[in-house]
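Each residue of the sequence shown is one higher than the one before, starting from 575 at the first, in this note's numbering.
All C-beta atoms in this analysis are idealised placements derived from N, C-alpha and C, irrespective of residue type, glycine included.
Note that this is a predicted model, so its numbers are computed, not measured.
Just below is one structure, and these are the notes that go with it.
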Amino acid sequence: MAVDIILFDRASWRDHLLPLVYTRPVGDLHIGILSLAEKWGKIFNCKSSYYTEPYLAARFPTLITTAEVIVLKANICPSDPLITAIDQLREGEILYDKEEWLAFRIRSADIDNILTNAYFNSLRPVNFLYDISYIRYPEDIFRYNSAQLQFDYALLTRGRSSESLSGTNQLIGDRIFIEDGVFAECCSFNTTEGPIYLAKGVEISEGSHLRGNVAIGQQARVKMGTRIYGNVSIGANSTAGGELGTLVMGTYSAKGHDGYLGCAVIGNGCNLGAGTSNSNLKNNWKPVSIYDYALNNSRNTGLRKCGLIMGDYAMSGINTSFNTGTVVGVGVQYARPGYSAKFIPDFSWCTDQHTEEYRWDKFEEMLRDMKVMKAQPYHDDETELLRHVYKLTQHNRLKYQF
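Pasting the structure below:
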């Protein structure tokens with residue numbers, strides 16, 4: 575029987591993934607080549623949608639077309655054993671990883687009961703005995719990106735034929751897949767350590783060097799002389815330049831000039847000015863701590879390398895230097911000399927002259943102009959969502975006297 579997939583994140587654990595999920599459900603986060611929702615929909619050849627926070631539901635609704643649904647915890651990454659276990663679930667069964675639920679299969683008519691403990695307790699438990707990759711924190715996105723990129727590469731290329739590279743390029747290895755309309759001349763592609771996926775309409779300009787694992791999304795552009803090391807995913811319609819490694823960048827974002835970006839997650843619609851770089855390693859080589867919205871405090875990541883986490887529509891001026899483990903909120907405008915603060919609250923306007931709250935009318939005006947320049951559709955429901963996020967985040971701006 576065909577079933578729809580519902581990715582569930584209407585729970586307090588999602589707050590650890592802020593600011594990235596202020597503007598989207600957890601299931602809409604990209605890791606590898608696809609979003610989590612896209613992966614699960616393709617795996618089960620079905621529609622996937624979301625059961626998320628009410629203010630996100632207008633843009634990310636719950637869509638049900640089948641008599642039964644499989645509800646997944648939105649922050650779990652697919653693996654072959656997990657896919658098999660979920661596929662074998664029967665109606666009324668729930669899959670557990672120790673004490674943590676992973677997925678359950680229910681009648682569609684019962685979807686509004688899933689927030690009650692009594693309903694959960696009525697489901698029949700099934701134990702899952704393999705390891706799980708959870709996206710619990712923002713840094714988990716770049717930690718697991720390489721493995722998910724390889725998973726998505728196999729998922730997307732199975733039964734398909736790649737286009738060919740021009741003879742002006744150098745290809746090392748053979749794990750490259752090229753969709754229609756890709757332009758690449760006088761570049762090198764090294765796939766000996768991982769695959770490279772170039773989506774439809776990608777442009778890789780001359781003198782660029784890509785070493786897998788790498789995925790470049792539809793209509794994205796890699797500028798001349800760019801160096802891309804392994805574990806990099808660039809979203810659709812984005813621009814990449816400079817030196818990049820261990821990076822996941824969203825859609826319609828731009829880091830098009832020189833500067834280093836690594837061990838980083840960048841949201842949608844961001845723009846990093848020329849010379850922007852981030853540090854990803856402390857001088858004392860100690861584990862990196864970053865700001866955690868759920869804790870309203872810093873959290874030790876346990877990682878020796880952690881760079882920049884940036885929410886949607888944040889921007890930096892030329893020659894910005896982001897400190898190790900910096901978290902930049904949604905809608906930030908940052909142009910200050912020297913190393914940044916470790917946390918820059920959402921909708922902050924920061925220059926060397928002053929720091930203040932980014933006025934909503936000015937942000938909305940900027941957003942409209944940016945979308946016109948990038949030939950990107952403007953949607954009123956997105957504006958309302960961002961207005962809601964603006965209000966949600968006011969307490970942080972007040973705390974930091976912005």
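Sheet register partners of residue i (DSSP bridge)
i              : result
aspartate 578  : Val643
lysine 829     : Ala814
asparagine 840 : With the sequence shown as reference, residue 840 is identified as isoleucine, and asparagine is not the correct amino acid for it. Partner(s): Met823, Met884.
valine 806     : Val788, Leu821
leucine 846    : Ser890
tryptophan 675 : Tyr670
aspartate 866  : Asn871
tyrosine 624   : Leu581
histidine 604  : Ser609
Contact under 9 angstroms by Cβ, residue i with residue j
i                 : j                 : result
glycine 833       : alanine 814       : no
glycine 905       : tyrosine 932      : yes
tyrosine 837      : glycine 768       : The sequence shown places cysteine at residue 837, rather than the tyrosine named in the question. Taking 9 angstroms as the Cβ cut-off, cysteine 837 and glycine 768 do not qualify as a contacting pair.
asparagine 845    : alanine 828       : yes
isoleucine 840    : leucine 821       : yes
glutamate 642     : isoleucine 680    : yes
phenylalanine 757 : arginine 734      : no
asparagine 764    : glycine 775       : no
tyrosine 887      : leucine 818       : no
isoleucine 706    : serine 653        : yes
isoleucine 650    : leucine 689       : no
proline 919       : arginine 971      : yes
serine 922        : glycine 903       : yes
leucine 592       : glycine 912       : no
isoleucine 638    : phenylalanine 618 : no
asparagine 897    : asparagine 857    : no
Residue i, DSSP secondary structure in three states
i                 : result
alanine 789       : strand
threonine 929     : strand
proline 769       : coil
phenylalanine 976 : In this prediction, phenylalanine 976 scores a pLDDT of 47, lower than 50, which makes its location untrustworthy; the coordinate-derived value is nonetheless stated afterwards. In the structure shown, phenylalanine 976 sits in coil (DSSP, three-state: anything other than H, G, I, E or B).
methionine 798    : coil
proline 699       : strand
threonine 900     : strand
tryptophan 859    : coil
leucine 637       : coil
glycine 909       : At residue 909 the sequence reads alanine, which differs from the glycine that was named. Residue state, collapsed to three classes: strand.
aspartate 726     : helix
alanine 758       : strand
phenylalanine 917 : strand
asparagine 691    : helix
lysine 948        : coil
histidine 953     : coil
asparagine 619    : coil
glutamate 777     : strand
serine 682        : helix
glutamine 662     : coil
leucine 610       : helix
serine 586        : helix
leucine 745       : strand
serine 720        : helix
leucine 656       : helix
tyrosine 834      : strand
isoleucine 650    : strand
tyrosine 964      : helix
Supposed contact pair residue j and residue i - C-beta distance, whole angstroms, cut 8 angstroms
i              : j              : result
tyrosine 727   : isoleucine 607 : 7 angstroms
leucine 723    : lysine 616     : In fact, because the Cβ distance is near 15 angstroms, the residues do not count as touching under 8 angstroms.
alanine 794    : serine 807     : About 10 angstroms; that fails the 8 angstroms criterion.
alanine 576    : threonine 640  : 5 angstroms
serine 890     : glycine 847    : 5 angstroms
tyrosine 718   : valine 963     : In fact, because the Cβ distance is near 26 angstroms, the residues do not count as touching under 8 angstroms.
asparagine 874 : serine 863     : 5 angstroms
aspartate 589  : tyrosine 867   : 6 angstroms
alanine 632    : aspartate 955  : 5 angstroms
Proximity test, residue i beta-carbon vs the ligand MN heavy atom, cut-off 8 angstroms
i           : result
glycine 824 : Looking at this structure, you won't find the ligand MN or any other ligand, since it has none at all.
Between the segment 658 to 667 and the segment 589 to 603, do three or more beta carbon pairs fall short of 8 angstroms? no
Can at least three beta-carbon pairs, one atom from the segment 764 to 781 and one from the segment 704 to 715, be found at a separation below 8 angstroms? No: the two stretches stay apart, fewer than three of their Cβ pairs being nearer than 8 angstroms.
Can we say the segment 731 to 745 touches the segment 694 to 702, given the rule of at least three CB pairs closer than 8 angstroms? no
Would you be able to state if there are at least three C-beta pairs under 8 angstroms between the segment 617 to 624 and the segment 577 to 594? At 8 angstroms Cβ cutoff, the stretches touch.
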